[in-house]
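Residue numbers (my numbering), protein chains in the order written: chain A, 146 to 343; chain B, 146 to 343. Each residue gets a CB set at the ideal place from its N, CA and C atoms; glycine is no exception. Source: prediction; values computed, not measured.
Number of protein chains: 2
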Amino acid sequence: MTDYMMPFTRMVHLSDGTIPDAPLIQTRRLSDLSGCFADSDAENALSAANPIIYEVYEATQNPEVVGHLRYSTTVIRPGKVGDEYHMTRGHYHALGDRCELYYGLMGEGYLLLQTPEGEINAQRLTPGAMAYTPPYWGHRSVNTGKDNLVLLAVYPADAGYDYRTIADQGFAALVVERDGKPEIVPNPRFVKAGLQPE
Amino acid sequence: MTDYMMPFTRMVHLSDGTIPDAPLIQTRRLSDLSGCFADSDAENALSAANPIIYEVYEATQNPEVVGHLRYSTTVIRPGKVGDEYHMTRGHYHALGDRCELYYGLMGEGYLLLQTPEGEINAQRLTPGAMAYTPPYWGHRSVNTGKDNLVLLAVYPADAGYDYRTIADQGFAALVVERDGKPEIVPNPRFVKAGLQPE
Chain A
146 MTDYMMPFTR
156 MVHLSDGTIP
166 DAPLIQTRRL
176 SDLSGCFADS
186 DAENALSAAN
196 PIIYEVYEAT
206 QNPEVVGHLR
216 YSTTVIRPGK
226 VGDEYHMTRG
236 HYHALGDRCE
246 LYYGLMGEGY
256 LLLQTPEGEI
266 NAQRLTPGAM
276 AYTPPYWGHR
286 SVNTGKDNLV
296 LLAVYPADAG
306 YDYRTIADQG
316 FAALVVERDG
326 KPEIVPNPRF
336 VKAGLQPE
Chain B
146 MTDYMMPFTR
156 MVHLSDGTIP
166 DAPLIQTRRL
176 SDLSGCFADS
186 DAENALSAAN
196 PIIYEVYEAT
206 QNPEVVGHLR
216 YSTTVIRPGK
226 VGDEYHMTRG
236 HYHALGDRCE
246 LYYGLMGEGY
256 LLLQTPEGEI
266 NAQRLTPGAM
276 AYTPPYWGHR
286 SVNTGKDNLV
296 LLAVYPADAG
306 YDYRTIADQG
316 FAALVVERDG
326 KPEIVPNPRF
336 VKAGLQPE
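See below:
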């Protein structure tokens with residue numbers, strides 16, 4: 146009977162999304178998102194302060210095999226780089242056909258998704274919203290509110306991360322502030338997979 | 146590009162755990178749990194009223210294949226049958242090596258787990274508790290509080306259900322009220338897999 150993995154519980158502080166017993170906490174500062182934001186001048190102006198953009202609390206280190214799940218919370222701090230809202234780096238899954246579930250706990254924003262061909266989709270994230278990332282969609286989360294955006298993410302433990310595609314390609318759309326409100330606009334610097342920019 | 150499954154969002158009412166756009170809502174009354182509770186006389190006395198024990202709101206009908214997730218909320222009403230607290234039927238997964246994540250949203254209770262050999266484990270469910278059911282553990286949820294116990298469940302979409310094993314075998318432990326408090330006690334009627342009761 147000792148071969149069975151033992152059940153366990155992680156507490157998520159519902160007041161702020163933190164996981165006290167998280168085996169891994171990742172802090173992503175502006176320098177970790179180098180090149181992600183469209184406005185390079187605004188990014189450079191903030192480089193000395195190098196603010197925290199978001200934190201990820203990994204709830205588990207469950208085995209990376211079919212049948213297991215991993216789950217984490219993401220706390221994205223409010224703010225902008227130029228007129229572009231704070232966001233996560235974004236990723237595809239190393240196993241492209243693995244999905245990911247995002248559950249809004251606090252704050253407001255968007256789950257921004259794109260296909261490898263550059264088709265864009267956006268799902269509004271508010272408390273109680275469960276947004277589903279189907280297989281093959283790259284995705285990032287964007288905080289358009291004045292408070293922290295807190296999300297719970299659940300994904301197959303064998304999904305893996307592909308950050309490089311989005312680092313190379315960017316997203317086909319940006320979430321920016323226009324007249325005090327969030328707007329999703331085309332990214333003029335977007336590079337379609339397999340194409341070179343002019 | 147039309148071959149990609151489209152992203153979508155389901156709202157979970159954080160006030161009560163209901164999912165208004167759920168494609169499937171299952172209502173489980175006492176008669177649906179026939180034989181689950183230990184006290185047959187108490188069960189018979191309630192049979193005319195046939196109270197609702199719990200409801201399940203399926204958030205999605207995502208494809209039952211590797212890489213997808215399904216998720217649902219369970220709302221277990223407070224109450225007892227004899228001295229045994231309201232609970233779900235309980236299940237193993239048809240694919241035994243698939244896990245399941247339970248996230249406590251409201252109320253209090255236990256995730257009760259057992260191996261096929263009858264080893265018991267219990268994880269306390271409170272708001273913010275994320276209890277992990279590793280592969281091969283049968284599991285049921287028990288409401289030991291005075292209000293609804295509301296849980297979010299997330300599981301690999303290909304996990305499937307095996308209700309029969311628990312219907313035949315029962316759980317090796319019961320969660321009962323003793324001196325006004327919940328207590329986990331051995332189930333005298335438990336049948337170890339492959340064994341006959343005396």
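Minimum Cβ-Cβ distance from residue i to chain A less than 9 Å
| i | result |
| --- | --- |
| PHE153(B) | yes |
| PRO232(B) | Note that residue 232(B) is Met in the sequence shown here, rather than Pro. It does not; no Cβ of chain A falls within 9 Å. |
| ASN207(B) | yes |
| LEU340(B) | Caution is warranted here: a pLDDT of 49 is assigned to LEU340(B), below 50, making its placement in the model unreliable, and no coordinate value can be reported. |
| PRO327(B) | no |
| ASP177(B) | no |
| HIS158(B) | yes |
| LEU319(B) | no |
| THR278(B) | yes |
| TYR237(B) | no |
| GLY224(B) | no |
| TYR386(B) | What is shown of chain B runs 146 to 343, which leaves residue 386(B) out entirely. |
| TYR199(B) | no |
| GLY273(B) | yes |
Closer than 9 Å to chain B by CB, residue i
| i | result |
| --- | --- |
| ASN332(A) | no |
| GLU264(A) | yes |
| GLN171(A) | no |
| GLY315(A) | no |
| GLY212(A) | yes |
| LEU294(A) | no |
| ASP111(A) | The requested residue 111(A) is not part of the displayed model; chain A covers only 146 to 343. |
| THR289(A) | no |
| ALA167(A) | no |
| ARG269(A) | yes |
| LEU297(A) | yes |
| THR260(A) | yes |
| GLY252(A) | no |
Cutoff 8 Å; reference residue i; Cβ partners in own chain excluding five residues on either side
| i | result |
| --- | --- |
| VAL210(B) | ALA302 and ASP303 |
| ASP313(B) | VAL336 |
| ASP265(A) | Looking at the sequence itself, residue 265(A) is Ile, so the reference to Asp does not match. Taken in chain order, the residues that qualify are LEU257, LEU258, GLN259, PHE316, ALA317, ALA318 and ILE329. |
| ALA239(B) | ALA304, GLY305, TYR306 and ASP307 |
| THR278(B) | CYS244, GLU245, LEU246, TYR247, LEU256, LEU258 and HIS284 |
| PHE191(A) | Per the sequence shown, residue 191(A) should be read as Leu rather than Phe. Contacts found: LEU175 and VAL226. |
Rounded C-alpha distance that separates residue i from residue j
| i | j | result |
| --- | --- | --- |
| LEU256(A) | ILE329(A) | 12 Å |
| ASN189(A) | LEU294(A) | 24 Å |
| ALA187(B) | VAL226(B) | 6 Å |
| ALA267(A) | ASP184(A) | 21 Å |
| GLY162(A) | LEU250(A) | 8 Å |
| THR289(B) | ARG269(B) | 10 Å |
| ILE164(B) | ALA204(B) | 7 Å |
| MET151(A) | ALA318(B) | 17 Å |
| GLY325(A) | LEU246(B) | 39 Å |
| ASN207(A) | ARG215(A) | 6 Å |
| VAL321(A) | GLU229(A) | 4 Å |
| GLN259(B) | GLY305(A) | 30 Å |
| TYR300(B) | SER217(B) | 9 Å |
| ARG323(A) | LEU175(A) | 22 Å |
| TYR149(A) | ILE221(B) | 28 Å |
| GLY254(A) | PHE153(B) | 15 Å |
Proximal residues to residue i (C-beta, below 7 Å), its chain only, five neighbours per side dropped
| i | result |
| --- | --- |
| THR219(A) | TYR199, VAL201, THR233, SER286, LEU296 and ALA298 |
| TYR308(B) | ARG234 and HIS236 |
| PRO280(B) | GLY241, ASP242, ARG243 and CYS244 |
| PRO327(A) | TYR230, THR289 and VAL320 |
| GLY263(A) | ALA317, PHE335 and LYS337 |
| PRO223(A) | HIS231, ASN288, GLY290, LYS291, ASP292 and ASN293 |
| GLY252(B) | ASN288, GLY290, ASP292, ASN293, LEU294 and VAL295 |
| LEU340(A) | With a pLDDT of 49 at LEU340(A), under the threshold of 50, the modelled position of that residue is not reliable, and no figure is offered here. |
Contacting residues, own chain, Cβ-Cβ under 6 Å from residue i (five flanking each side not counted)
| i | result |
| --- | --- |
| ARG173(B) | ILE198 and TYR199 |
| THR310(A) | TYR237 |
| PRO196(B) | LEU175 |
Which residues DSSP lists as bridging residue i, in chain order
| i | result |
| --- | --- |
| PHE153(A) | TYR277(B) |
| ILE221(B) | TYR199(B) and LEU294(B) |
| HIS236(A) | HIS284(A) |
| LEU256(B) | GLN268(B) and SER286(B) |
| ILE311(B) | Paired residues: none, contrary to the question. |
| GLN206(B) | Note: GLN206(B) sits in no beta bridge, so no partner. |
| LEU169(A) | GLU203(A) |
| LEU159(A) | Bridge partners of LEU159(A): none, in fact. |
| TYR306(B) | Note: TYR306(B) sits in no beta bridge, so no partner. |
| ARG323(B) | LYS326(B) |
Inset, instruction - Say whether the stretch 275 to 291 of chain A touches the stretch 169 to 176 of chain B, bearing in mind that this needs 3 or more beta-carbon pairs closer than 8 Å, one atom from each stretch. - result: With a cut-off of 8 Å, the stretch 169 to 176 of chain B and the stretch 275 to 291 of chain A do not count as touching, because too few Cβ pairs lie within range.
Inset, instruction - Determine, using beta-carbon pairs with one atom in the stretch 174 to 181 of chain B and one in the stretch 201 to 217 of chain B, whether at least three such pairs fall under 8 Å. - result: With a cut-off of 8 Å, the stretch 201 to 217 of chain B and the stretch 174 to 181 of chain B do not count as touching, because too few Cβ pairs lie within range.
Legend entry - contact_flag[the stretch 154 to 161 of chain B, the stretch 271 to 279 of chain A] where n(CB pairs < 8 Å) is 3 or more: Three or more beta-carbon pairs drawn from the stretch 154 to 161 of chain B and the stretch 271 to 279 of chain A are found closer than 8 Å, and the two stretches are therefore classed as touching.
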